[in-house]
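*Asks:* Residue numbers (the numbering used here), protein chains in the order written: chain S, 1 to 383; chain Y, 1001 to 1264.
One structure follows; several queries about it will come next.
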């Protein structure tokens, strides 16, 4: 087989897909990707293709998600689930360092864990966009060694969407459904017409090195056309829209809009939107000393701007009301993120809509403010 | 006198089932190191030995439900440097606080053969309604890890790590699939105080709120969702009125459910 080159398009038959997984492992990667667990498509280790949700899809909308059987055997025939790739790059709990008592001082212990190189199999266009954003977030003051160490070792295997969920709005945020250029390999699944196959686009040398070990053929015009048709179908199916024009000013200029009080009555402050969001990055650290007091560890864990304690300053939280916490989240995500990181913090994946237990939909909240930006709350009825 | 190297620990019981103080005995592997480093001054479930105070740490289980309780807790507070309440009874009044919404005289007449023998208060109230409390451990029962955390903090003279946010954040950090969104199971996790390790959703059932309301939560916001999932308002009212029925946020949610068509 001739070596593959960056930019090349190849055809991978479905029958040879197991060889692709084998090639990833032979190149030393731990393969992680979509898998069925507890009634959802989550991200987990993929040991062989039976770990993938072949023939499954999901039905999701605001506050609800159900697995559904497909009428074909598509390997990637679903959209995004409750997990995002941040759980690997920015783990929910991470030990930053550990130390042991040494006389009257202490000694830092080196981290003995072997670094793992992950192959992220099945990243969607919105997922790639989220990682682009996170790369900047974790590089803001100084490169976060844990994040960027894992990020450098990661192989990104994108899958272009052939369908969209009612909660998807990547087309509004300019992040999908087609993938751009920052993948190592990009797959588009073609179930029919013709043999079940994948169009594979080579995005990097690391991606090419994997594909060199897999039987493929040069892609034909029919493969490229079928892939383009799949992405066009996904774009047409996108179920939600958020007009990004002027949204920064719209939100920042109307902090007293009555819609904030309206959403605060529905919002539970439960943190699910921030946990499911692929770009939310807030964390806290805690000391975990041994009971005997001879050893201590410093751990970082996911935190959320919806927690009262998160804004604790000098003994009292700054954002005491649910209104101020929801407004903080949405204005940061869609508005002040631009000032801080040079882009929106939203990639249009819709996870915050689906996994909100009460189905709060940020596209709806923005639309309500945009419909009447200068609205004022009706005066309280006299007692 | 308190030993500066081995702080003294006392365990006290008020209106409760003893389950929370038994969590100390459940510590198993960690129990011996603790016993080495603290002097157990009073702990009736473990030893008949009782040492007079003062005590460095008092763990207080149970709610205040009799006139005698209300006096005794003041004495214990006066003899304790740190007072830590443990469990739903001590922190919220417990399931026995259901009496707060009813006629205690009627209960006394109906339940007891000789009601004149029973001296009780009209309400069951948390310890914090009577004396200042330094730390609270929620739950029915409390979590062993949180108990060890507070004892470790006392021994190291540091502040304990006791998060006040929701159960959801624990489920999400553990990568669990939401039982409400993905299965349609009613769950109080979004408004319930963390600390248990999200045990119930981990076994595919809904949280029933035994740790009481999370700080800053909006329990009333969950009512329409619980009804959408098929719970009638009376069932929603009961869901909020269990182990921490008298915690203000859950009490308000229960009353809101009643206003939406709860029990007459």
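Even for Gly, the Cβ is constructed at its ideal location relative to N, Cα and C.
If we count the other Cβ atoms within 10 Å of its Cβ and call it buried at 16 or more, is residue 97 of chain S buried or exposed?
*Replies:* Locating residue 97 of chain S in the first chain gives position 97, counting from the first residue. Result: exposed.
*Asks:* Which residues mark the beginning and the end of the beta strand (DSSP E) in which residue 1080 of chain Y is found?
*Replies:* Position 80 of the second chain holds residue 1080 of chain Y. Unbroken beta strand (DSSP E) run through residue 1080 of chain Y: 1080-1086.
*Asks:* Please identify the residue among Y/1112, Y/1089 and Y/1059 whose C-alpha is closest to the C-alpha of residue 1246 of chain Y.
*Replies:* In the second chain, the residue the question calls residue 1246 of chain Y occupies position 246. That would be Y/1089, whose Cα lies nearest to the Cα of residue 1246 of chain Y.
*Asks:* State the start and end residues of the unbroken beta strand (DSSP E) segment that holds residue 41 of chain S.
*Replies:* Your numbering for residue 41 of chain S matches position 41 in the first chain. Residue 41 of chain S -> beta strand (DSSP E) spans 40-45.
*Asks:* If you draw a straight line from the C-alpha of residue 370 of chain S to the C-alpha of residue 250 of chain S, how long is it?
*Replies:* As a working mapping, residue 370 of chain S is identified with position 370 in the first chain. As a working mapping, residue 250 of chain S is identified with position 250 in the first chain. C-alpha separation (whole angstroms): 7 Å.
*Asks:* Tell me where the alpha helix (DSSP H) around residue 250 of chain S begins and ends.
*Replies:* As a first step, residue 250 of chain S must be located in the first chain, where it is residue number 250. Residues 247-252.
*Asks:* Grouping DSSP H, G and I as helix and E and B as strand, with all else coil, what is residue 107 of chain S?
*Replies:* Start at 1 with the first residue of the first chain, and residue 107 of chain S comes out as number 107. Three-state DSSP puts residue 107 of chain S in a strand.
*Asks:* Does residue 1256 of chain Y have its Cβ less than 9 Å from a Cβ in chain S?
*Replies:* Taking the second chain and counting its residues from 1, one reaches residue 1256 of chain Y at position 256. No, its Cβ sits nowhere closer than 9 Å to a Cβ of chain S.
*Asks:* With H, G and I counted as helix, E and B as strand and the rest as coil, what does DSSP make of residue 1231 of chain Y?
*Replies:* Sequence index remark: in the second chain, residue 1231 of chain Y carries index 231 (1-based). Three-state result, residue 1231 of chain Y: coil.
*Asks:* Going along the chain, which residues of its own chain have a beta-carbon closer than 6 Å to the beta-carbon of residue 1001 of chain Y, five neighbours each way excluded?
*Replies:* For the purposes of this step, residue 1001 of chain Y is identified with residue 1 of the second chain, where counting begins at 1. Low confidence applies to residue 1001 of chain Y: its pLDDT is 45, below 50, so where it sits in the model is not reliable, and the reading given next is rough at best. None.
*Asks:* In this structure, how does DSSP classify residue 16 of chain S when only helix, strand and coil are distinguished?
*Replies:* As a first step, residue 16 of chain S must be located in the first chain, where it is residue number 16. Residue 16 of chain S: helix per DSSP, three-state reduction.
*Asks:* My output table needs one value for residue 1045 of chain Y: the three-state DSSP class, helix, strand or coil.
*Replies:* As a working note, residue 1045 of chain Y is residue 45 in the second chain. Reduced to three states, the DSSP call for residue 1045 of chain Y is coil.
*Asks:* Are there 16 or more other CB atoms within 10 angstroms of the CB of residue 189 of chain S, so buried, or fewer, so exposed?
*Replies:* Along the first chain, read from residue 1 onward, the residue named residue 189 of chain S stands at position 189. Buried: at least 16 other Cβ atoms inside 10 Å.
*Asks:* Based on the DSSP secondary-structure assignment, which residues constitute the bridge partners of residue 389 of chain S?
*Replies:* The first residue shown for chain S is 1 and the last is 383, placing residue 389 of chain S beyond what the model contains.
*Asks:* Beta-carbon separation of residue 200 of chain S and residue 24 of chain S under 9 Å?
*Replies:* Translated into positions along the first chain, residue 200 of chain S becomes position 200. Translated into positions along the first chain, residue 24 of chain S becomes position 24. No, these two residues do not count as a Cβ contact at 9 Å.
*Asks:* Please return the same chain residues whose Cβ sits closer than 7 Å to the Cβ of residue 1125 of chain Y, not counting the five positions on each side in sequence.
*Replies:* To locate residue 1125 of chain Y, count along the second chain from 1; it is residue 125. The answer, listed in chain order, is 1063, 1064 and 1093.
*Asks:* Answer yes if the stretch 1065-1083 of chain Y comes into contact with the stretch 1021-1030 of chain Y, meaning at least three C-beta pairs across the two stretches below 8 Å, and no otherwise.
*Replies:* Touching, no.
*Asks:* Indicate the three-state DSSP secondary structure (helix, strand or coil) for residue 65 of chain S in the structure shown.
*Replies:* Numbered from its first residue, the first chain carries residue 65 of chain S at position 65. Three-state DSSP puts residue 65 of chain S in a strand.
*Asks:* If you count every other CB in all the chains shown that lies within 10 Å of the CB of residue 340 of chain S, and 16 or more means buried, which is it?
*Replies:* Here residue 340 of chain S is taken as the residue at index 340 of the first chain, counted from 1. Under this definition residue 340 of chain S is an exposed residue.
*Asks:* Using a Cβ cut-off of 9 Å (strictly closer), state whether residue 1075 of chain Y contacts chain S.
*Replies:* By one-based count along the second chain, residue 1075 of chain Y stands at place 75. Taking Cβ atoms only, chain S never reaches closer than 9 Å to residue 1075 of chain Y, which makes this a no.
*Asks:* Using the three-state DSSP reduction, which class does residue 377 of chain S fall into: helix, strand or coil?
*Replies:* Here the question's residue 377 of chain S lines up with position 377 in the first chain. DSSP places residue 377 of chain S in coil when its eight states are reduced to three.
*Asks:* Does residue 130 of chain S come within less than 9 Å of chain Y when only Cβ atoms are used?
*Replies:* Your numbering for residue 130 of chain S matches position 130 in the first chain. So no, residue 130 of chain S is outside the interface.
*Asks:* What do you reckon, are the CB atoms on residue 1137 of chain Y and residue 1195 of chain Y nearer than 9 Å?
*Replies:* One-based indexing of the second chain puts residue 1137 of chain Y at position 137. One-based indexing of the second chain puts residue 1195 of chain Y at position 195. Result yes, Cβ atoms of residue 1137 of chain Y and residue 1195 of chain Y sit closer than 9 Å.
*Asks:* Going by DSSP in three states, residue 1023 of chain Y sits in which element: helix, strand or coil?
*Replies:* Residue 1023 of chain Y sits at position 23 when you count from the first residue of the second chain. Helix.
*Asks:* Answer with buried or exposed for residue 108 of chain S, where buried requires no fewer than 16 other C-beta atoms within 10 angstroms of its C-beta.
*Replies:* For the purposes of this step, residue 108 of chain S is taken as the residue at position 108 of the first chain. Counting Cβ neighbours within 10 Å, residue 108 of chain S comes out exposed, since fewer than 16 surround it.
*Asks:* Which residues of chain Y have a Cβ atom closer than 8 Å to the Cβ of residue 275 of chain S, listed in chain order?
*Replies:* In the first chain, residue 275 of chain S corresponds to position 275, counting from 1. Ordered by position in chain Y, the residues that pass the 8 Å Cβ test against residue 275 of chain S are 1168, 1169, 1172 and 1173.
*Asks:* Would you mind working out which of S/168, S/212 and S/230 sits nearest residue 198 of chain S, comparing C-alpha positions?
*Replies:* Here residue 198 of chain S refers to the residue found at position 198 when the first chain is read from its first residue. Measuring from the Cα of residue 198 of chain S, the nearest candidate turns out to be S/230.
*Asks:* Under 8 Å, CB to CB, which of the residues in the stretch 1149-1160 of chain Y have a partner in chain S?
*Replies:* Listed by position, the residues of the stretch 1149-1160 of chain Y near chain S (Cβ gap below 8 Å) are 1151, 1152, 1155, 1156 and 1158.
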